[in-house]
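Here this note's numbering runs 7 ahead of the position in the sequence shown, where the first position is 1. Only one structure is covered here, and it is reproduced in the block below.
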Amino acid sequence: MNRDKIIVRTSITGIITNVFLAAFKAVVGLISNSIAVILDAVNNLSDALSSIITIVGTKLAGKSPDRKHPFGYGRIEYLSAMIVAGIVLYAGITSAVESVKKIISPVEPEYGMVSLIIIAVAVVVKIILGKFVKSQGQKVSSGALIASGSDAMFDAILSASVLVCAIIFLLTGLSLEAWIGAAISVFIIKSGIEMMIETLNEILGMRADKEMTLKIKQLVKEEEGVRGAYDLVIYNYGPERNFASIHVELPDNTTVEQMDRLTRRLEAKVYRETGVILTAVGVYSFNTGSDEAAKIRDDVRSRVTAHEWAISIHGFYVDIEEKMMRFDAVLSFDIKPSEGIRIICDEIREAYPGYMVIAAPDVDISD
């Protein structure tokens, strides 16, 4: 079953389950005069709405690329996840407000055995539903499903707290449901904010997964003649929709024909092994047949990396006759690129008088 079908099927399961739970809880809440149970029913309706939004977002994200959006609509899923997080946050705030109202103006609940059984069943159902939805979300990398699953688990805790309050009330006559509802609402609000932050990070763009970047670089370096793989940039256009560009370091006598064959092999291999579409392969050349060039390269590398904020250099090439050298320096976020390059160039020019030094800054964007 493909990814979209899994998301839609899981969301429909959530909708049906939450609608039935909301109906039963609403009846129980009205009969028992319990604000906590009524709020729990409203929470189930919000979960059903979240599942509907997830389905709509998945369908829109699955639209084929067009002239206006050549990379597709995959990022719509991040927007739907943000909306789901907003619903969770709203539910938490609403629960907090209503709970505070009941703390100020308490109303004595009236629980019956049927009410307790329904609430207990709801707890078990929400736990099962939450684990199922979250596992499916993790399976297909759906932020909206993961958020919905997490919310269902919080609902199970909320329902369990209502059940405990009901039992305490029946045994002692002490009504704690408003206070428990207020405490649980704080956790729901916290969960909603965390979901929003996580989704916002996805929209803004996060550092690429370390395991993924290292695997891609290893696949590239396995090719004959490739001395190094650098400047890997992964562009995300939705879950499991990744494009990438990379630079490879090759001998300075590599022909265009050899490079063309290499590029096509790399594109096919990287996609086959990782699912990432390699859209561009740039080239750095390194000197061959010159011991002096190798010595200069090693000396420049040691001078540059002596700085804590200079991570590495690559793409080094030196023309001894023309007295020119060029390389890229990978800098940490602890220094401005312009300042770091100025310091590096000044030091290398002082060490190699008469040389034209061309250094380009690279940002530490992937491992």
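Ideal placement from N, C-alpha and C gives every residue a C-beta, glycine not left out.
Hey, would you say residue i sits closer than 9 Å to residue j, going by beta carbons?
i    : j    : result
A29  : L52  : yes
I350 : H314 : yes
Y237 : V337 : yes
S57  : D162 : no
A173 : I110 : no
Y85  : T270 : no
V263 : N294 : no
T20  : F194 : no
F250 : L285 : yes
Name the two residues that bound the continuous alpha helix (DSSP H) containing residue i.
i    : result
A313 : Neither: A313 is in no alpha helix (DSSP H) and is coded neither H nor E.
G156 : G150 to T179
D353 : P344 to A358
A215 : Element bounds for A215: n/a, residue is neither H nor E.
Suppose you measure from the CA of residue i to the CA of residue j; what does that come to, to the nearest Å?
i    : j    : result
L239 : V171 : 54 Å
I13  : D259 : 50 Å
I153 : Y242 : 22 Å
K276 : D216 : 19 Å
V169 : L181 : 13 Å
P344 : M219 : 26 Å
I342 : A317 : 9 Å
I83  : G64  : 6 Å
L178 : L123 : 13 Å
E4   : T312 : There is simply no residue 4 to check, as the chain begins at 8 and stops at 374 in what is shown.
L211 : Y80  : 16 Å
K222 : L257 : 19 Å
S198 : D305 : 51 Å
What residue range does the beta strand (DSSP E) around residue i cover?
i    : result
M331 : M331 to L338
D369 : M363 to V370
S292 : I284 to F293
F323 : A317 to D326
D238 : G235 to N243
P258 : N249 to P258
For the putative contact between residue i and residue j, defined by C-beta atoms under 8 Å, what is the C-beta separation to the nearest angstrom?
i    : j    : result
Y362 : M332 : 6 Å
C390 : V370 : Since the first residue shown for the chain is 8 and the last is 374, residue 390 is missing from the structure and cannot be characterised.
I187 : L96  : Going by Cβ atoms, the distance from I187 to L96 rounds to 20 Å, so no, they are not a contact pair.
Minimum length 4: unbroken alpha helix (DSSP H) runs contained in the region 69-131: 83-111
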